[in-house]
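Each protein sequence line maps, in turn, to chains A and B.
The C-terminal position of the first sequence is numbered 277 in our numbering, with every residue numbered one higher than the one before it.
The C-terminal position of the second sequence is numbered 1308 in our numbering, with every residue numbered one higher than the one before it.
All C-beta atoms in this analysis are idealised placements derived from N, C-alpha and C, irrespective of residue type, glycine included.
Remember, it's a predicted structure, so these values are computed and weren't measured experimentally.
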Amino acid sequence: MTGLRRGAGYLLVALAVVVFLYPIWWMVVSSLKPGASILNDPLGVGPFTLDNFRAMFGSVPIGQALGNTVLVVAVKGAITMVLCPLAGYGFAKYSFRFKELLFGVVLLTLMLPTLTLVIPLLLEMKQLGWINTYQALILPGAVDAFSVFYMRQTISQVPDELLDAAAIDAAGTLRTFWSVVVPVIRPGLAALAVLTFFNIYNDLVWPIVAVNDPARQTVSVLLAGLATNVTGGSTSSGFDLWGQLMAACTIATIPTVIIFLLVQRHFIKGLLAGSVK
Amino acid sequence: MSLLANRAAPRQVAALSKRRGRRGPRTGWRGPLLVAPFFVFFAAFGAYPLYYALQLSFIDWHGGATYRWVGLSNYTYLLTNPDFWGALGNSAIIWLLIVPAQTIGAIVAAGALSRAKLRFKRLLRTAVIIPYVTPLAAMAQAFVLIFDRDYGVVNHLLGMAGLPSVEWLTSTGWSKVTIALLVLWKSSGFALIIMLAAIQGIPGEVYEAAALDGAGPVRTFWSVTVPLMRHAIAFFVVISTLGISQMFLEPYVLTGGGPYNSSTTTGLYLFQHIGASDLGTGAANTFLLVIMVLGLSLAAVRVFRESK
Chain A
1 MTGLRRGAGY LLVALAVVVF LYPIWWMVVS SLKPGASILN DPLGVGPFTL
51 DNFRAMFGSV PIGQALGNTV LVVAVKGAIT MVLCPLAGYG FAKYSFRFKE
101 LLFGVVLLTL MLPTLTLVIP LLLEMKQLGW INTYQALILP GAVDAFSVFY
151 MRQTISQVPD ELLDAAAIDA AGTLRTFWSV VVPVIRPGLA ALAVLTFFNI
201 YNDLVWPIVA VNDPARQTVS VLLAGLATNV TGGSTSSGFD LWGQLMAACT
251 IATIPTVIIF LLVQRHFIKG LLAGSVK
Chain B
1001 MSLLANRAAP RQVAALSKRR GRRGPRTGWR GPLLVAPFFV FFAAFGAYPL
1051 YYALQLSFID WHGGATYRWV GLSNYTYLLT NPDFWGALGN SAIIWLLIVP
1101 AQTIGAIVAA GALSRAKLRF KRLLRTAVII PYVTPLAAMA QAFVLIFDRD
1151 YGVVNHLLGM AGLPSVEWLT STGWSKVTIA LLVLWKSSGF ALIIMLAAIQ
1201 GIPGEVYEAA ALDGAGPVRT FWSVTVPLMR HAIAFFVVIS TLGISQMFLE
1251 PYVLTGGGPY NSSTTTGLYL FQHIGASDLG TGAANTFLLV IMVLGLSLAA
1301 VRVFRESK
């Protein structure tokens, strides 16, 4: 009986693994197959060719899009990783007037959905002449409420005695933060870094509005644009493009899967940070 | 040196606090300075654009040089527009297709996983969460091809099983279902992680007490474990409701909102004002969405408080 139940358990596990991984597998395999065999033999593995990748690199500026994404991830991520922990430090360990009220504002903006800011921000960017600029991609959302909130929770757990001891050594604010707080909260910082990476890399809501110039678009914007080219018209005109599309999607997806596998522990910790309160 | 400093610490800290005022060593202008960047960014890219958009929501403007004050007519236009309500209805149906099944499924799966002594448990957790980290723009595109009416894998498999093809993306009846399937595929791992953590957070004594009362494993699960998970459950329901209320990319890529607007969600509807350059109406729509989302959040917080 238990053997039977155990067998059923393994069967369910195997089924779940297949269901959740198959679309990714199918995407990668299709990107390596000639267009005709994607259509006629969707389940088949092979014959393999790199033609889709060659054609795709020739017809779509994906190298540039990847470069833009890397730039945005690096600069925006750096701003987040410097300013949000410092703000969290201020909220967790300093006393000043109106602190509770100001932290209330942070919590309130935590509830404000990104999509509601899209049209207001678009209007502002038009006013500033920032459409199709890197600063439009980088600055809005670089210091976000969740990161400040998470860092405040993390830094609250640093014992005051450590900070007091640093104060006796006459260490300044930034030196205390760097040499006392940072070593203690390193796991929290790692989780924040991983989460920030995925949020910026996969962000689409804002970039798709902020840029329409191919020279500035990120990978996600590029992919969404390809998608509408295919689904917008009748699919028949897009048949040749299936393989190229899957090649572009594969290039955008594989880095996220590899990075996730490397930093899985930190990622899950960061995900749970939002729910544990 | 640090040893000495530590030993002398309490007295010196007291002296230090006295010098800097009564409230301890970390007071003064440094705290406000540390938190200032958040408020600078919020003012520049949150409060100001919202204020500007609020003004604009009372104006008829299509991006050109001419605009005129129209009072509440952007709002009344939306509130009397069947498309606006249609999008709200579509989002509500998509919510019904996703949230109850996903929440209950994740609770049951987490319960089974936390009890079962299976190998490959970690493999399962990893496999289920991977879709969550992939770029939505890419995977939505893959779903378009996988669910294609004529050449997609899903209809191919249905055909092999002797079943008729389904118009996943091209019929008013199925378009919302396909969107729900994409969301279920992509975010169920997140649900599972949340529920697993909630179960692991329950102290062992609770189960010992239940065992003493003679409760079986299934009874214990539903009447002891699940009520103790209510915080995590409420959190997940709120998060996914907010996510669905602003969903736009899934229908944008999968169906373009069609056919016949059958899969236009509240988020996509808002987004379409940008394409139409109808920014006054778009701004008004933004504030209707803000009111709706804040209302939903507050209601959820309230329900959660009462259940405590």
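Neighbour list for residue i in chain B, Cβ cutoff strictly below 7 Å
{"i": "residue 242(A)", "result": "1145"}
{"i": "residue 89(A)", "result": "1034"}
{"i": "residue 264(A)", "result": "1126"}
{"i": "residue 140(A)", "result": "1045"}
{"i": "residue 220(A)", "result": "1135 and 1137"}
Residue(s) in a DSSP beta bridge with residue i
{"i": "residue 1060(B)", "result": "1068(B)"}
Helix, strand or coil at residue i according to DSSP, with G and I counted as helix
{"i": "residue 1167(B)", "result": "coil"}
{"i": "residue 1119(B)", "result": "coil"}
{"i": "residue 1094(B)", "result": "helix"}
{"i": "residue 1266(B)", "result": "helix"}
{"i": "residue 1144(B)", "result": "helix"}
{"i": "residue 1085(B)", "result": "helix"}
{"i": "residue 1022(B)", "result": "Low per-residue confidence applies at residue 1022(B): pLDDT is 44, beneath 50, and the placement is therefore not dependable enough to give any value."}
{"i": "residue 1352(B)", "result": "One cannot answer for residue 1352(B) here, as it falls past the ends of chain B, which runs 1001 to 1308."}
{"i": "residue 1309(B)", "result": "Outside the displayed span of chain B (1001 to 1308) sits residue 1309(B), for which this structure offers no information."}
{"i": "residue 26(A)", "result": "helix"}
{"i": "residue 216(A)", "result": "coil"}
{"i": "residue 263(A)", "result": "helix"}
{"i": "residue 4(A)", "result": "helix"}
{"i": "residue 43(A)", "result": "coil"}
{"i": "residue 1172(B)", "result": "coil"}
{"i": "residue 248(A)", "result": "helix"}
{"i": "residue 1031(B)", "result": "helix"}
{"i": "residue 140(A)", "result": "coil"}
{"i": "residue 1299(B)", "result": "helix"}
{"i": "residue 1129(B)", "result": "helix"}
{"i": "residue 243(A)", "result": "helix"}
{"i": "residue 1046(B)", "result": "helix"}
{"i": "residue 153(A)", "result": "helix"}
{"i": "residue 1108(B)", "result": "helix"}
{"i": "residue 1080(B)", "result": "coil"}
{"i": "residue 1277(B)", "result": "coil"}
{"i": "residue 1054(B)", "result": "helix"}
{"i": "residue 1155(B)", "result": "helix"}
{"i": "residue 1099(B)", "result": "helix"}
{"i": "residue 38(A)", "result": "helix"}
{"i": "residue 269(A)", "result": "helix"}
Within chain A, the residues that residue i reaches when beta carbons sit closer than 8 Å
{"i": "residue 1152(B)", "result": "42"}
{"i": "residue 1049(B)", "result": "117, 120, 121, 123 and 124"}
{"i": "residue 1046(B)", "result": "109, 112 and 117"}
{"i": "residue 1237(B)", "result": "Simply none; closest approach about 12 Å."}
{"i": "residue 1038(B)", "result": "83, 84, 87, 106, 143, 145 and 148"}
{"i": "residue 1299(B)", "result": "Residues of chain A passing the Cβ test: none, with the nearest at roughly 12 Å."}
Closer than 7 Å at the beta carbon, the chain A residues around residue i
{"i": "residue 1134(B)", "result": "24, 253, 256 and 257"}
{"i": "residue 1221(B)", "result": "Going along chain A, no residue has its Cβ under 7 Å from residue 1221(B), so there is no contact; the nearest lies around 16 Å."}
Residue i: contacting residues in chain A (beta-carbon distance under 9 Å)
{"i": "residue 1179(B)", "result": "Within 9 Å Cβ-Cβ: nothing; residue 1179(B) doesn't reach chain A, min ~13 Å."}
{"i": "residue 1163(B)", "result": "Result: empty, since nearest Cβ-Cβ is about 16 Å, beyond 9 Å."}
{"i": "residue 1369(B)", "result": "A query on residue 1369(B) cannot be resolved here, the shown segment of chain B reaching from 1001 to 1308 and no further."}
{"i": "residue 1286(B)", "result": "115, 116, 117, 118, 119 and 120"}
{"i": "residue 1290(B)", "result": "112, 113 and 116"}
Interface partners of residue i on chain B, CB under 8 Å
{"i": "residue 270(A)", "result": "Those do not exist, as residue 270(A) stays about 11 Å from chain B at its closest Cβ, beyond 8 Å."}
Chain C contact residues for residue i, given Cβ-Cβ distances below 8 Å
{"i": "residue 1303(B)", "result": "No chain C is part of this structure, whose protein chains are labelled A and B."}
Partner residues on chain B for residue i, Cβ-Cβ distance less than 9 Å
{"i": "residue 102(A)", "result": "1032, 1035, 1038 and 1039"}
{"i": "residue 4(A)", "result": "Chain B residues near residue 4(A): none, gap ~14 Å exceeds 9 Å."}
query = Where are the beta strand (DSSP E) runs, 3 residues long or more, that stay fully inside the stretch 160-204 of chain A, in chain order?
reply = Listed in chain order, nothing qualifies, since the stretch 160-204 of chain A has no complete beta strand (DSSP E) run of 3 or more residues.
request  = Output the residue ranges of the alpha helix (DSSP H) runs that lie fully inside the stretch 49-125 of chain A and measure 4 residues or longer, sorted by chain position.
outcome  = Every unbroken stretch of the alpha helix (DSSP H) spanning 4 or more residues and falling wholly within the stretch 49-125 of chain A is given here in chain order: 51-59, 62-93 and 99-110.
ask   = Going along the chain, which residues of the stretch 190-209 of chain A sit with their C-beta nearer than 9 Å to a C-beta in chain B?
value = Here the close residues are 198, 201, 202, 204, 205, 208 and 209.
task = Select from the stretch 113-134 of chain A all residues with a C-beta closer than 9 Å to any C-beta belonging to chain B, and list them in chain order.
result = Under the 9 Å Cβ criterion, the stretch 113-134 of chain A contributes 113, 114, 115, 116, 117, 118, 119, 120, 121, 122, 123, 124, 125, 126 and 127.
Complete alpha helix (DSSP H) runs within the stretch 1175-1253 of chain B (minimum length 4 residues, chain order) = For the stretch 1175-1253 of chain B, whole alpha helix (DSSP H) runs of length 4 or above, ordered along the chain, are 1175-1200, 1204-1212, 1217-1220 and 1230-1245.
request  = Pull out every residue of the stretch 54-71 of chain A whose Cβ sits closer than 8 Å to any Cβ of chain B, in chain order.
outcome  = Those would be none; no residue qualifies.
query = Of the residues that make up the stretch 1256-1282 of chain B, which ones have a beta carbon closer than 8 Å to any beta carbon in chain A?
reply = Listed by position, the residues of the stretch 1256-1282 of chain B near chain A (Cβ gap below 8 Å) are 1256, 1267, 1270, 1271, 1273, 1274, 1279 and 1282.
query = Between the stretch 1082-1113 of chain B and chain A, which residues of the former have a C-beta closer than 7 Å to a C-beta of the latter?
reply = Taking 7 Å as the Cβ-Cβ cut-off against chain A, none of the residues of the stretch 1082-1113 of chain B qualify.
key: Where the stretch 1183-1217 of chain B meets chain A: residues whose CB sits under 9 Å from a CB there   = Under the 9 Å Cβ criterion, the stretch 1183-1217 of chain B contributes 1185, 1188, 1189, 1190, 1193, 1194, 1197, 1198 and 1201.
Residues of the stretch 26-58 of chain A whose Cβ lies closer than 7 Å to any Cβ of chain B, in chain order = For the stretch 26-58 of chain A, which is checked against every Cβ of chain B, the residues closer than 7 Å are 26, 27, 39, 42 and 43.
request  = Would you list, in chain order, the members of the stretch 1223-1234 of chain B that have their beta-carbon closer than 9 Å to a beta-carbon of chain A?
outcome  = So the close ones are 1231 and 1232.
task = Pull out every residue of the stretch 164-186 of chain A whose Cβ sits closer than 7 Å to any Cβ of chain B, in chain order.
result = Per Cβ criterion, the list reads 164, 165, 167, 168, 169 and 173.
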